[in-house]
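These notes are about the structure you will find just below.
2 protein chains.
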Amino acid sequence: MISHHTLQEQAADWFSTLQSQIIGELEGLEQEYCTQKNLPFHGFSKREWSRTATDAQAVPSSRKSDEAEGGGGLTALLEGQLFEKAGVNFSKVFGEFAPQFAKDIPGAAENPHFWASGISLVIHPRSPLVPTVHMNTRMIVTTKTWFGGGADLTPMYHPVEQDTQDFHKAFQQCCDRHDPAYYPKFKEWADTYFYLPHRQETRGVGGIFYDYINTGDLDADFAFSKDVGATLAKIYPEIVRRHMFESWTPEQRAHQLKRRGRYVEFNLLYDRGTLFGLKTGGHTESILMSLPPVVTW
Amino acid sequence: MISHHTLQEQAADWFSTLQSQIIGELEGLEQEYCTQKNLPFHGFSKREWSRTATDAQAVPSSRKSDEAEGGGGLTALLEGQLFEKAGVNFSKVFGEFAPQFAKDIPGAAENPHFWASGISLVIHPRSPLVPTVHMNTRMIVTTKTWFGGGADLTPMYHPVEQDTQDFHKAFQQCCDRHDPAYYPKFKEWADTYFYLPHRQETRGVGGIFYDYINTGDLDADFAFSKDVGATLAKIYPEIVRRHMFESWTPEQRAHQLKRRGRYVEFNLLYDRGTLFGLKTGGHTESILMSLPPVVTW
Chain G
1 MISHHTLQEQ AADWFSTLQS QIIGELEGLE QEYCTQKNLP FHGFSKREWS
51 RTATDAQAVP SSRKSDEAEG GGGLTALLEG QLFEKAGVNF SKVFGEFAPQ
101 FAKDIPGAAE NPHFWASGIS LVIHPRSPLV PTVHMNTRMI VTTKTWFGGG
151 ADLTPMYHPV EQDTQDFHKA FQQCCDRHDP AYYPKFKEWA DTYFYLPHRQ
201 ETRGVGGIFY DYINTGDLDA DFAFSKDVGA TLAKIYPEIV RRHMFESWTP
251 EQRAHQLKRR GRYVEFNLLY DRGTLFGLKT GGHTESILMS LPPVVTW
Chain L
298 MISHHTLQEQ AADWFSTLQS QIIGELEGLE QEYCTQKNLP FHGFSKREWS
348 RTATDAQAVP SSRKSDEAEG GGGLTALLEG QLFEKAGVNF SKVFGEFAPQ
398 FAKDIPGAAE NPHFWASGIS LVIHPRSPLV PTVHMNTRMI VTTKTWFGGG
448 ADLTPMYHPV EQDTQDFHKA FQQCCDRHDP AYYPKFKEWA DTYFYLPHRQ
498 ETRGVGGIFY DYINTGDLDA DFAFSKDVGA TLAKIYPEIV RRHMFESWTP
548 EQRAHQLKRR GRYVEFNLLY DRGTLFGLKT GGHTESILMS LPPVVTW
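Chains as they are written, first to last, in the working numbering: chain G, 1 to 297; chain L, 298 to 594.
Structural data, given as structure tokens:
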């Protein structure tokens, strides 16, 4: 339990550090874009939030105590020129799952206490030619401990083959550094997960998705999740750079806004994190920061 | 069973007739608006669809036959000036529920065959000062038979007290014509149903919601559902007329687009009809016609 505690602190610190790093990368690109285009530059606005008893709607108030329910996070939002809406969120929360959720969560049926920390981001560029991206990595502790996460790329106009290849290759190399069995498994998981049955369409070109990772060597599992975050922080800015100064047409923009509708449909109908967060009294503003800034149907 | 069949035909005919009537009303308003504003007028575009075996995803293909699965509907969509997006849909479908859905539907556990017909509409005016409205009435037949439906008003800017009062009064009078117990019950059902727990907000100002209505006198139950439809067809155009020529500011429009996000959140996270339709292989384009044309988050 001591070593878990240490690992939990390390993981939370890393998620927070990664958040700062990614914010820095994105702000750099935003600034470069604004300078070149002679547009006013604004950086991320950051807001700390605390998980209060009121947020934790799912837990009957009779069972709450200030000691048992808490934590919070840092929400960072950029509403910019290059990045029309970029949300990068860090959270570290703990408490008790309500019985109706505890039964579906590994290790929580026996004891509803949990601790969770993670980073999640969704970036919606203004240009229809710059793909949207999502990434999330998290550590969860109940009576069991595990890591989960994923990253996927969603070109809003026609996917550029080189972007798709490079995105997949980056995560393949990332996975292969840790376990050669990971990539095929986690890529397929992403293909299955990021899918809209009612449209019979995938969300974007996929990526990787993984969950319940505890190989018995949690340090190694943590190293893998760190690598996933670092990989995203490297490959996505490369892809942005390729397209950020390409000009686009109103037709391409209209197409993007329609495709963003699919993103909303996925997130509100199927995304496990979104649905779970909203049902368990998570921080609504942070959870729904994933939704695109302007959408048409 | 004979009398049910006759009633089913009557109900389907009525839903279809009501669709034509409402389309006529809305087109009349749209035309009046376009004439006055000197804007090009376009009416509803209509599309018939058939429920094919492919749509009925929820039923294992081994159990399908052309005789057992079928029906279709008429989708009518106006993308206009006064009515930025108005969808008025009629459907009459039949088939078998998949086992995982049958167990939750009255009378379907014993025998999965169903027949269903209904009309549903969602109208999103362009002006933030003209409220959005939703209405749905339906007849469902399994081994049981019942009517369900509802109507609710969603002002996107500050609700106008007179509109709210008149909308509620119209449905109160409608309910009272059939059963004095209906209105208090169905109004409260609407207040409970049209609610976004994650926002701790209602969707709009409510209205009525009812389901599983079978009093033993199905002709009377049908008459009530007819009255609900007719009430909407009368009161909504009145409310539109009050505000359709009022001018609005960009700030009011921006507010409307944000509030429309709540409408999307409700429909994709909670709306029973939407979720059920999408999960049972309904006609996606018709189901999601309820989503607003332009939305911001």
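Every residue, glycine too, gets a C-beta built ideally from N, C-alpha and C.
Of all alpha-carbon atoms in L:Leu326, L:Trp311, L:Ser317, L:Ala309, the one lying nearest the alpha-carbon of Val537 (chain L) is that of L:Leu326. Between Ser317 (chain L) and Val419 (chain L), the gap from beta carbon to beta carbon reaches 8 Å or more. Considering only G:Ala230, G:Pro128, G:Thr284, the residue with the shortest C-alpha distance to Glu251 (chain G) is G:Pro128. For Cys174 (chain G), the closest alpha carbon among the candidates G:His243, G:Glu285, G:Gly229 is that of G:Gly229. When the Cα atoms are used, Ala405 (chain L) and Gly446 (chain L) turn out to be separated by approximately 19 Å. Boundaries for Arg435 (chain L): no alpha helix (DSSP H) harbours it, while the beta strand (DSSP E) harbouring it runs 429-438, taken from the DSSP string. Three or more pairs of CB atoms, one per stretch, sit closer than 8 Å, so the stretch 200-213 of chain G contacts the stretch 146-161 of chain G. For the C-beta of Glu265 (chain G), the chain L residues within less than 7 Å are, from N- to C-terminus, Leu565.
Between the stretch 193-205 of chain G and the stretch 255-272 of chain G there are three or more inter-stretch CB-CB distances shorter than 8 Å, so the stretches are counted as touching. Relative to the Cα of Gln333 (chain L), the nearest Cα in the group L:Lys343, L:Met541, L:Val591 belongs to L:Met541. Secondary structure note for Asn386 (chain L): its beta strand (DSSP E) is the uninterrupted segment 380-393. By the CB criterion at 8 Å, Ala233 (chain G) and Leu18 (chain G) fall inside the cutoff.
Excluding sequence positions up to five before and after Leu26 (chain G), its CB lies within less than 8 Å of the CB of Phe44, Leu78, Phe83, Ala86, Val88, Ile123, Pro237, all in the same chain and listed in chain order. Ala448 (chain L) carries a strand assignment under DSSP once its states are collapsed to helix, strand and coil.
Interface criterion met: the Cβ of Trp594 (chain L) is under 8 Å from a Cβ in chain G. Put simply, the backbone Cα of Gln162 (chain G) is about 16 Å away from that of Glu246 (chain G). Going by DSSP, His168 (chain G) is part of the alpha helix (DSSP H) stretching over 161-176. Counting every other CB atom within 10 Å of its CB across the protein chains shown gives Ala551 (chain L) a total below 16, marking it as exposed.
At the C-beta level, His339 (chain L) and Gly367 (chain L) stay beyond 8 Å of one another. Taking a C-beta cut-off of 8 Å against chain G, the contacting residues of the stretch 486-500 of chain L are Pro494, His495, Arg496, listed in chain order. For secondary structure counted as the alpha helix (DSSP H) over 4 or more consecutive residues, the stretch 488-530 of chain L holds no complete run. The shortest C-alpha to C-alpha distance from Asn136 (chain G) to any of G:Gln8, G:Ile22, G:Lys279 is the one to G:Ile22. A Cβ-Cβ contact shorter than 8 Å links Gln8 (chain G) with Trp115 (chain G). The closest CA to that of Lys187 (chain G), considering only G:Leu153, G:Arg199, G:Gly261, is found on G:Leu153. Inclusion of Asn408 (chain L) and Thr439 (chain L) in the CB contact set at 8 Å is warranted, their separation being smaller than that value. For His552 (chain L), the enclosing alpha helix (DSSP H) covers residues 547-566. With a 10 Å radius around the Cβ and a threshold of 16 neighbouring Cβ atoms, Leu515 (chain L) comes out buried. Out of L:Thr571, L:His580, L:Thr528, L:Gln553, the CA that lies nearest to the CA of His465 (chain L) is found in L:Thr528.
When the five nearest sequence neighbours on each side are left out, the beta carbons in the same chain lying within less than 8 Å of the beta carbon of Glu562 (chain L) are those of Leu493, His495, Arg496, in order along the chain. For Thr581 (chain L), the uninterrupted alpha helix (DSSP H) segment begins and ends at 581-584. The alpha carbon of Lys555 (chain L) has as its nearest neighbour, out of L:Pro422, L:Thr593, L:Gln397, L:Tyr454, the alpha carbon of L:Thr593. The C-alpha of Gly558 (chain L) lies about 11 Å from the C-alpha of Gly261 (chain G). For Leu374 (chain L), the enclosing beta strand (DSSP E) begins and ends at 367-375.
Residue pairing by DSSP places Phe411 (chain L) opposite L:Gly392 in a beta bridge.
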